[in-house]
Structure formats: C-alpha cells, structure tokens
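The sequence shown runs 1 to 326 under full-length UniProt numbering. Working notes, structure below.
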Amino acid sequence: YVYAYACIIIILLLSFVFSSGHLLLFLFALGFVSTEEENVISTAGSTAELSCIYTSVEKFKLNKLRVYWQIQNGSKLIVVHTFVSGYENQSEQSRDFRNRTRLFKDKLENGTFSLLLLNVSLRDEHTYRCIVQKKENVFKVIHKAVVALKVAVNNSLPVLSGPVGTRPSIGEDMTLSCNYSQGYPKPNVYWINGTDNSFLHPSSLNITQDTDGTYSVFSTLKMKATSNIKIECIIENELLQQNLTAIYLEDITNSNATKDSLIDLNKPGAQAGSVVAIAVVLVGLVVLTCWLWKRKSFHRESYTDVQQNEDGGQCNAQRIILSSPI
C-alpha cells in the first residue's frame, strides 16, 4: 500500500508541476528555463537586428546591468558583445565581431537589449544567446533570448544561352545552358516551357559549393526546335522566398512556309512575272542612258557656239581699228 500511495502522490505532483504556468516556474527554479528561439533572415553585406527584449514596469539602472551576447562553437563559448555595469567591455570579444556590433544604448534602461550586427557574412550564421543579469544583492539572470541567424546570398542573376552560330531549323535538336553563381543557401533549379508553363526535365544539373561557401549552378536542357521558343531557367532561393528567372526567346521561321515560297517561284505564272519585271528594268536603263548621252551632247554644242561667237567678236573689233584714219 505504501508504494501505491507513493505512486499516486508522485503522479499528482507531476500533473501539478506540468500544468500550465507551473512548468516554467519549476524549470526556472532548476535553472533550465527554455527560451523560444527566434529566426532572423539577413542577406550578406546587410545589417541584422538580433532581438532581446525584457518587459519591465520600472526602468533599469545601467550600473546594475550585465548584458552578454554569445555563440557556441562546439564546447567553446565565443563572446560577441558585452555590456557590464554601464560600460561596453569588448576586451574578450571575438575578432570575427570586432567593430561590427552595437547595442541600442538609449533603450537599455527600458529593457531593449537587442544587438545590431553589421556587414553580415556567411560566417555569421550561428545561434546567438542573449543573457541579461541584474544586480540586487548579487547578479542574477533575469532574461534569456535565443536568436538563430540565417544568411542568404543572391549576388548574381542566372544567364541562359542557346546555340552559338547558325540558328536551328524546326525539328532539329538544340541545347540550352543555364549558369548561376554566388548563391546561398543551396538553390533549387527549374526549367519551364514559357508557351504552356509546363515543367521540363533538365538534361544535366550540376550544383557545386565554392570555397567561400556559396553555390554555383550549371544546367543544360536538350530540346527540339519549334517555331516559337520561350524557355525559362528559374533559380529559387527558399530562404528569401525569391525566384531569379532568365528567359530564352527564339522565333524560327516555319520551314514549310519557306519551302512553299521557293516552290512558287518555279510556277509558270511566277516565271512570266519575273520576265516582265526584268524587261521593265532593262528598258528603264536604256532610256536613262539615252537621256544622259543626249544631255551631255547638248552641253558640248552650247560650248562650241560660245567659242565661235567670241572669235567672231574679236575679228570685228580688229577690222574697226584698221579702218580708222591716221
């Protein structure tokens, strides 16, 4: 009976402890207060704000506050930023965060202990912990916050290229290639037929991670050429919920239509029309040649007449001088 009563008491105690509102107090008393983790998404090169806010009616005295921002690398704690008794003490700050962290100093007394992280890079992708201590008789932890920072990179646009040199004919095989670089996290790649919005299966897909941590994409698509080609290569960044799209457009003249027009030139009617057109052009050239020749001859005759008139005038003048008396 003793064991039965003990089990019943334990069950009642556990049900009380794990009831709403008492679990947190129980864990806090044991020092295992769990804090809800917040996710923050930032892009490389930007500024991220890591939230750590404690709601309090009274204002805090800064000389009785300690604020620690840390990350954990394996079993080692790395100091990101510290504020101790009214002053920022960065003597133990990691070099990776030197001159890149800021607190909102004008908001500390109101319980805002959030951290600004400048010039974010992929190396900053960690889980950050904010610990706030307040001094009464001794310093005691009054608030904790956990922030998971996710970093995204979209430094370039995809490039979609088609056959080099001659244009493909309808029905011929052709290959398109899609290139993309400096993306993070690992992207998704889609090929879309823009004429009916259907998904196409790539012929090859190669995604590699570069030394800086970003990803590069090279994918190809083999297809049959049609009269109207519209193909899209889409690079999806799930973290940013962003799609980058490159479009390939090609309007190929219908081969049957081209063949029909060539056949029409061999028909009797088409041949007669061609002969008439050539005859008209030749007659026009003959008329133009005759007109130019006639015009040139007219100018030559006019010049000869002028010379003759000038010679005649000189003879008359000489005769007048010779007939005057001495």
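Built from N, CA and C at the ideal position, the CB exists for glycine as well.
- Coil, strand or helix - leucine 282 by DSSP: Numbered from its first residue, the sequence shown carries residue 282 at position 282. Helix at leucine 282.
- Task: Could you pull out every residue in the same chain whose Cβ sits closer than 7 Å to the Cβ of phenylalanine 89, ignoring the five residues on either side in sequence?
- Result: Working through the sequence shown from its first residue, we reach residue 89 at position 89. What sits at residue 89 in the sequence shown is asparagine, not phenylalanine. Excluding sequence neighbours, asparagine 89 sits near Thr82.
- Item | Beta-carbon proximity check, isoleucine 247 vs glutamate 232, cutoff 8 Å | In the sequence shown, the residue the question calls residue 247 occupies position 247. In the sequence shown, the residue the question calls residue 232 occupies position 232. Against a cut-off of 8 Å, the Cβ pair of glutamate 232 and isoleucine 247 comes out as a contact.
- Query: Quick one, are the C-beta atoms of serine 42 and leucine 122 less than 8 Å apart?
  - Reply: Within the sequence shown, the letter at position 42 stands for residue 42. Within the sequence shown, the letter at position 122 stands for residue 122. In this structure, leucine 122 does not lie closer than 8 Å to serine 42 by Cβ.
- Measuring alpha carbon to alpha carbon, tell me which of Gly86, Thr112 and Thr47 ends up nearest glutamate 58. For the purposes of this step, residue 58 is taken as the residue at position 58 of the sequence shown. Checking every option, the nearest Cα to that of glutamate 58 belongs to Thr112.
- Query: With a CB to CB cut of under 7 Å and the five nearest residues on each side skipped, what residues in its chain are close to residue 353?
  - Reply: Residue 353 cannot be examined here, being either before or after the span of the chain that is shown, 1 to 326.
- Task: Counting only the same chain and skipping the five closest in sequence on each side, list residues whose C-beta sits under 8 Å from that of glutamine 93.
- Result: For the purposes of this step, residue 93 is identified with residue 93 of the sequence shown, where counting begins at 1. Hits under 8 Å: Val79, Val80, His81, Thr82 and Thr101.
- Message: Give me, in chain order, the residues of the same chain whose beta-carbon lies closer than 8 Å to that of leucine 108; leave out the 5 immediate sequence neighbours on both sides.
- Response: Taking the sequence shown and counting its residues from 1, one reaches residue 108 at position 108. Cβ within range, chain order: Phe60, Leu62, Leu65, Val67 and Phe83.
- Query: From leucine 157 to glutamine 241, what distance separates their C-alpha atoms?
  - Reply: Numbered from its first residue, the sequence shown carries residue 157 at position 157. Numbered from its first residue, the sequence shown carries residue 241 at position 241. Going by the C-alpha atoms only, they are around 15 Å apart.
- Query: tyrosine 116 bridges to which residues according to DSSP?
  - Reply: Here residue 116 refers to the residue found at position 116 when the sequence shown is read from its first residue. For the sequence presented, residue 116 should be read as leucine rather than tyrosine. In the DSSP output, where bridge partners are listed per residue, leucine 116 has Glu49 and Arg102.
- Close beta carbons around leucine 118, own chain, < 6 Å, minus the five adjacent residues each side: Here residue 118 refers to the residue found at position 118 of the sequence shown. Thr47 and Arg100.
- Item | Collapsed DSSP secondary structure at asparagine 206 in the structure displayed | Numbered from its first residue, the sequence shown carries residue 206 at position 206. Looking at asparagine 206 - three-state DSSP - the assignment turns out to be strand.
- Query: What residues match up with lysine 134 in a beta bridge as DSSP calls it?
  - Reply: Within the sequence shown, numbered from 1, the residue matching residue 134 stands at position 134. Leu65 and Lys140, per the DSSP bridge assignment.
- Message: Taking the alpha carbon of asparagine 188 as the reference point, which residue from Thr175, Cys290 and Tyr215 has its own alpha carbon closest?
- Response: One-based indexing of the sequence shown puts residue 188 at position 188. Selected option, being the one with the closest Cα: Tyr215.
- Minimum C-alpha distance to asparagine 154 - residue among Asp173, Ser181 and Cys130: Here residue 154 refers to the residue found at position 154 of the sequence shown. Of the candidates Asp173, Ser181 and Cys130, the one whose C-alpha sits nearest the C-alpha of asparagine 154 is Ser181.
- The beta strand (DSSP E) spanning serine 169 covers which residue range? Within the sequence shown, the letter at position 169 stands for residue 169. For serine 169, no beta strand (DSSP E) run applies, since DSSP gives it neither H nor E.
- Query: DSSP state of aspartate 196, grouped into three classes?
  - Reply: As a position in the sequence shown, residue 196 is number 196, starting the count at 1. The three-state secondary structure of aspartate 196, taken from DSSP, is coil.
- Message: At the level of alpha carbons, what is the spacing between threonine 55 and glutamate 49?
- Response: Reading the sequence shown from its first residue, position 55 is the one you call residue 55. Reading the sequence shown from its first residue, position 49 is the one you call residue 49. Rounded to whole angstroms, threonine 55 to glutamate 49 spans 18 Å at the Cα level.
- Item | Burial state of phenylalanine 97, where buried means 16 or more other Cβ atoms lie within 10 Å | For the purposes of this step, residue 97 is taken as the residue at position 97 of the sequence shown. Result: buried.
- Query: Straight-line CA distance for alanine 272 to leucine 282?
  - Reply: In the sequence shown, counting from the first residue as 1, residue 272 sits at position 272. In the sequence shown, counting from the first residue as 1, residue 282 sits at position 282. Note that alanine 272 has pLDDT 46, beneath the 50 cutoff, so the model's placement of it is unreliable and the number below is only indicative. Using only the alpha carbons, I get a separation of about 16 Å.
- Query: Between the Cα of histidine 201 and the Cα atoms of Asp210, Thr195 and Trp191, which residue gives the shortest distance?
  - Reply: The count along the sequence shown starts at 1 and reaches residue 201 at position 201. Per the Cα distances, Trp191.
- Hey, would you say valine 141 sits closer than 8 Å to glutamate 125, going by beta carbons? In the sequence shown, residue 141 corresponds to position 141, counting from 1. In the sequence shown, residue 125 corresponds to position 125, counting from 1. At the C-beta level, valine 141 and glutamate 125 stay beyond 8 Å of one another.
- To the nearest whole angstrom, what separates the beta carbons of serine 177 and threonine 208, a pair I think is in contact under 8 Å? Here residue 177 corresponds to residue number 177 of the sequence shown, with the count starting at 1. Here residue 208 corresponds to residue number 208 of the sequence shown, with the count starting at 1. Their Cβ separation, rounded to whole angstroms, is 15 Å, which puts serine 177 and threonine 208 out of contact at 8 Å.
- Helix, strand or coil at aspartate 124 according to DSSP, with G and I counted as helix: The residue given as residue 124 occupies position 124 in the sequence shown. Three-state result, aspartate 124: helix.
- Got a sec, what are the start and stop residues for the beta strand (DSSP E) serine 42 sits in? Counting from one through the sequence shown, the residue named residue 42 turns up at place 42. Serine 42 -> beta strand (DSSP E) spans 37–43.
- What did DSSP end up calling threonine 226 once you bin it into helix, strand or coil? Start at 1 with the first residue of the sequence shown, and residue 226 comes out as number 226. The answer is coil: DSSP assigns threonine 226 none of H, G, I, E or B.
- Check whether glutamate 147 and tyrosine 128 have beta carbons under 8 Å apart: In the sequence shown, counting from the first residue as 1, residue 147 sits at position 147. In the sequence shown, counting from the first residue as 1, residue 128 sits at position 128. According to the sequence provided, residue 147 is valine. The question's glutamate does not apply to it. In terms of Cβ geometry, valine 147 and tyrosine 128 form a close pair [threshold 8 Å].
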